[in-house]
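Participant: Dropping a structure here in structure tokens format, bear with me for questions.
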Amino acid sequence: MTSILLVLSLFLILSYGAFTWHYLANWRGTARWPRNPRVEHSLLGVLLLVQALVVVAPLSVSGGLSLGVGHALGVMVWIMLLIYWTCSFFYRVEGLQLFMMPLAMAALAFAIAFPGRHMVSDLSNPAFVLHILVSMLAYSLFAIGALIAVLMLLLERSLHHKRMSLLARQLPPLLTLEKMMFQVIAVGFLLLTVALVTGVVFSEEVFGKAAALTHKTVFSVISWLLFAALLLGRRLQGWRGRVAIRWTLAGFLSLMLAYVGSKVVLELILQRG
């Protein structure tokens, strides 16, 4: 990472930390500056533009593509923030900031410490490029779906015990969160299907054989099956509440084991590119 990108990364970490403090102070009633959604959206939009430079610039190295674990996670979290920022114009997404801002800080810090060494030099195959882009977007959508599932679980427990926490008081109604979760998962499932298909096409075109039965392939298919069962259960049996939350978190965990888990083991533990 160059000195300029390092400075920008540190600036972003401090800025997202300031955003976190601003939201918490307002929720607690101790803020010096009141909430102004229009200004907050504008400032977050500027930070997203700066972060786009930080996460995209390291990807292109010597004509290739750097897909190290740090860089990949940085791109995924940036996409999550971009989706959150866009949805905030159309939905009430209060409460998600308490997770999104610290997550952005953690991803930027992780990318500085562990950028990774996975390099891809051949970008001439359109199926492979499409596979990477769609996979990143699908993983980001499922991460948002899992985050909403966690918020639903917290809100449900607060309502059950009739003790509303600081976070629970800021969240949208439970039914609104549930609707958002299934909308995000439906789009993510479609993109994951495209990613699996393009992965098979890429493997056959480049290596002359179908996708191998690897750790990544197995957990990706398991995740696809879990989300397919969740969407079918929702449509046919009306699954909701804790049942839907469990299936969502199980599918997301499987997906993370497929991608992030294998990258962490290969690059950070085994020290392989």
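No gaps in the numbering here: position 105 of the sequence shown is 105 in full-length UniProt numbering, and each next residue is one more.
Even glycine gets a Cβ: it sits at the ideal position worked out from N, Cα and C.
Would a C-beta distance cut-off of 7 Å place alanine 104 and leucine 81 closer than the cut-off?
Facilitator: In the sequence shown, residue 104 corresponds to position 104, counting from 1. In the sequence shown, residue 81 corresponds to position 81, counting from 1. For alanine 104 and leucine 81, yes; Cβs fall inside 7 Å.
Participant: Go ahead and label threonine 214 buried or exposed: buried means 16 or more other beta carbons lie within 10 angstroms of its beta carbon, across all protein chains shown.
Facilitator: Counting from one through the sequence shown, the residue named residue 214 turns up at place 214. Exposed, by the Cβ-count rule.
Participant: Helix, strand or coil for lysine 162 per DSSP?
Facilitator: Against the sequence shown, residue 162 aligns to sequence position 162. Coil at lysine 162, not helix or strand.
Participant: Would you mind stating whether glycine 188 and leucine 141 have Cβ atoms separated by less than 7 Å?
Facilitator: Along the sequence shown, one-based indexing puts residue 188 at 188. Along the sequence shown, one-based indexing puts residue 141 at 141. Taking 7 Å as the Cβ cut-off, glycine 188 and leucine 141 qualify as a contacting pair.
Participant: Between the C-alpha atoms of valine 150 and glycine 199, what's the straight-line distance to the nearest angstrom?
Facilitator: Sequence index remark: in the sequence shown, residue 150 carries index 150 (1-based). Sequence index remark: in the sequence shown, residue 199 carries index 199 (1-based). So the alpha carbons of these two residues sit roughly 30 Å apart.
Participant: Let me confirm a value: tryptophan 247 is counted as buried when at least 16 other C-beta atoms fall within 10 Å, else exposed. Which label applies?
Facilitator: The residue given as residue 247 occupies position 247 in the sequence shown. So tryptophan 247 ends up on the buried side.
Participant: When the Cα atoms are used, what is the spatial distance from leucine 137 to valine 194?
Facilitator: Working through the sequence shown from its first residue, we reach residue 137 at position 137. Working through the sequence shown from its first residue, we reach residue 194 at position 194. Distance between the alpha carbons of leucine 137 and valine 194: 11 Å.
Participant: Quick one: Cα of threonine 30 to Cα of proline 173, how far?
Facilitator: Position 30 of the sequence shown, counting from 1, holds the residue named residue 30. Position 173 of the sequence shown, counting from 1, holds the residue named residue 173. Roughly 25 Å between the two C-alpha positions.
Participant: Can you list, in chain order, the residues of its chain whose CB lies under 8 Å from that of glutamate 190, leaving out five sequence neighbours each side?
Facilitator: As a working note, residue 190 is residue 190 in the sequence shown. According to the sequence as given, residue 190 is leucine; it is not glutamate. Here the set comprises nothing.
Participant: Which two residues bound the contiguous alpha helix (DSSP H) that contains leucine 231?
Facilitator: Within the sequence shown, the letter at position 231 stands for residue 231. 215-237 is the extent of the alpha helix (DSSP H) around leucine 231.
Participant: As a quick exercise: from Leu98, Met76 and Arg38, pick the residue whose alpha carbon is nearest that of tyrosine 23.
Facilitator: For the purposes of this step, residue 23 is identified with residue 23 of the sequence shown, where counting begins at 1. Of the listed residues, the one whose Cα sits closest to tyrosine 23 is Leu98.
Participant: Do leucine 10 and valine 54 have their C-beta atoms within less than 7 Å of each other?
Facilitator: Translated into the one-based positions of the sequence shown, residue 10 becomes position 10. Translated into the one-based positions of the sequence shown, residue 54 becomes position 54. Not a contact, by the Cβ cut-off of 7 Å.
Participant: Mapping the DSSP letters down to three states, classify residue 274 as helix, strand or coil.
Facilitator: Since the displayed the chain opens at 1 and closes at 273, residue 274 lies outside it and no answer follows.
Participant: How would you label tryptophan 239, buried or exposed, when you count the other beta carbons within 10 angstroms and need 16 or more for buried?
Facilitator: Taking the sequence shown and counting its residues from 1, the one referred to as residue 239 is at position 239. Tryptophan 239 is buried by the Cβ-count criterion.
Participant: At what residue ranges does the segment 1-30 contain a whole run of the alpha helix (DSSP H), taking only runs of 4 or more?
Facilitator: 3-28
Participant: Would isoleucine 148 be called buried (16 or more neighbouring beta carbons within 10 Å of its own) or exposed?
Facilitator: Taking the sequence shown and counting its residues from 1, the one referred to as residue 148 is at position 148. Isoleucine 148 is classed as buried because its beta carbon has at least 16 other beta carbons within 10 Å across all chains shown.
Participant: Could you give the DSSP three-state label for valine 201: helix, strand or coil?
Facilitator: As a position in the sequence shown, residue 201 is number 201, starting the count at 1. Note: valine 201 maps to helix in three-state DSSP.
Participant: What is the DSSP secondary structure of glutamate 267, reduced to helix, strand or coil?
Facilitator: Here residue 267 is taken as the residue at index 267 of the sequence shown, counted from 1. In this predicted model, glutamate 267 has a pLDDT of only 49, less than 50, meaning its place in the structure is not dependable enough to derive any value.
Participant: Distance, Cα to Cα, tryptophan 27 vs glutamate 94?
Facilitator: On the sequence shown, position 27 is the one that residue 27 refers to. On the sequence shown, position 94 is the one that residue 94 refers to. Rounded to the nearest angstrom, the two C-alpha atoms are 11 Å apart.
Participant: Suppose you measure from the CA of leucine 192 to the CA of leucine 249; what does that come to, to the nearest Å?
Facilitator: The sequence position of residue 192 within the sequence shown is 192, counting from 1. The sequence position of residue 249 within the sequence shown is 249, counting from 1. Cα-Cα distance, rounded: 16 Å.
Participant: Which of helix, strand or coil does DSSP assign to glutamate 156?
Facilitator: For the purposes of this step, residue 156 is taken as residue 156 along the sequence shown, with counting starting at 1. Correct three-state label for glutamate 156: helix.
Participant: Rounded to a whole number of angstroms, what is the C-alpha to C-alpha distance between glutamine 235 and leucine 226?
Facilitator: Numbered from 1 along the sequence shown, position 235 holds the residue referred to as residue 235. Numbered from 1 along the sequence shown, position 226 holds the residue referred to as residue 226. In the sequence as displayed, the identity of residue 235 is arginine instead of glutamine. The alpha-carbon atoms of arginine 235 and leucine 226 are separated by roughly 14 Å.
Participant: Write down the C-beta distance between alanine 107 and valine 77 rounded to the nearest angstrom, noting that I regard them as a contact closer than 8 Å.
Facilitator: By 1-based counting over the sequence shown, the position of residue 107 is 107. By 1-based counting over the sequence shown, the position of residue 77 is 77. Between the beta-carbon of alanine 107 and that of valine 77 there is about 4 Å, and that keeps the pair under the 8 Å contact cut.
Participant: Measuring alpha carbon to alpha carbon, tell me which of Leu155, Ala244 and Val221 ends up nearest leucine 230.
Facilitator: As a first step, residue 230 must be located in the sequence shown, where it is residue number 230. Nearest of Leu155, Ala244 and Val221 to leucine 230, Cα basis: Ala244.
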